[in-house]
């Protein structure tokens with residue numbers, strides 16, 4: 001967790017707290033309006049949080065100067081930029097910044113369906129697909145065709161199904 005820093009404005013002696021340690025924030029309070037100024041670049045802001053938001057934009061790519069809010073965002077972008085991913089699929093060559101993403105990708109190359117529905121025994125490669133499927137077993141969470149009483153886990157699936165009841169095809 002970031003350390004909360006407290007500063008005293010040299011101009012009005014008001015206490016200002018900031019979660020950032022690199023910048024000192026000044027404020028100028030007049031009877032008409034309050035404004036905040038970044039001590040590093042002298043950019044004025046109407047609200048203190050704008051200064052904090054601007055200060056978070058402090059991680060720049062050395063190759064193209066694209067700016068990121070976090071170190072991890074820059075790190076991931078550097079993999080993308082250089083195409084030097086730390087984890088790569090041995091079957092298709094696709095790269096990933098984290099091992100968990102590679103692990104999630106791997107079932108695409110297998111016919112195995114490890115996620116099974118306890119109710120109807122349908123099987124799926126990916127857990128989110130099973131979760132979506134489970135909605136058809138709960139009438140309150142599914143979409144019913146008014147013409148044939150079949151149930152579907154999403155509006156999109158129902159809409160695709162409805163084309164069977166008409167001569168119309170979707171996206172034509």
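In the UniProt record's numbering, the protein residues as written are 1 to 172. Idealized CB from N, CA, C, for every residue including glycine.
Rounded Cβ spacing between residue i and residue j (contact assumed at less than 8 Å)
| i | j | result |
| --- | --- | --- |
| residue 126 | residue 107 | 6 Å |
| residue 99 | residue 87 | 5 Å |
Short Cβ contact (8 Å threshold) for residue i with residue j
| i | j | result |
| --- | --- | --- |
| residue 102 | residue 89 | yes |
| residue 158 | residue 143 | yes |
| residue 145 | residue 162 | yes |
| residue 93 | residue 79 | no |
| residue 147 | residue 165 | yes |
For residue i, the first and last residue of its enclosing alpha helix (DSSP H)
| i | result |
| --- | --- |
| residue 128 | 127-134 |
| residue 63 | Looking at the DSSP string, residue 63 is not in any alpha helix (DSSP H), and its letter there is neither H nor E. |
| residue 162 | 155-162 |
| residue 82 | 71-82 |
Identity of the residues DSSP links to residue i by a beta bridge
| i | result |
| --- | --- |
| residue 95 | 88 |
| residue 108 | Answer is none; residue 108 lacks a bridge partner. |
| residue 116 | 123 |
Nearest residue (CA-CA) to residue i, options the options
| i | options | result |
| --- | --- | --- |
| residue 110 | 124, 120, 118 and 59 | 124 |
| residue 72 | 166, 136 and 59 | 59 |
| residue 156 | 166, 132 and 139 | 132 |
| residue 85 | 91, 77 and 95 | 95 |
| residue 137 | 149, 119 and 128 | 119 |
| residue 91 | 81, 83, 82 and 105 | 105 |
Chain C contact for residue i (CB, 8 Å cutoff)
| i | result |
| --- | --- |
| residue 121 | No chain C appears in the structure shown, which is made up of a single protein chain. |
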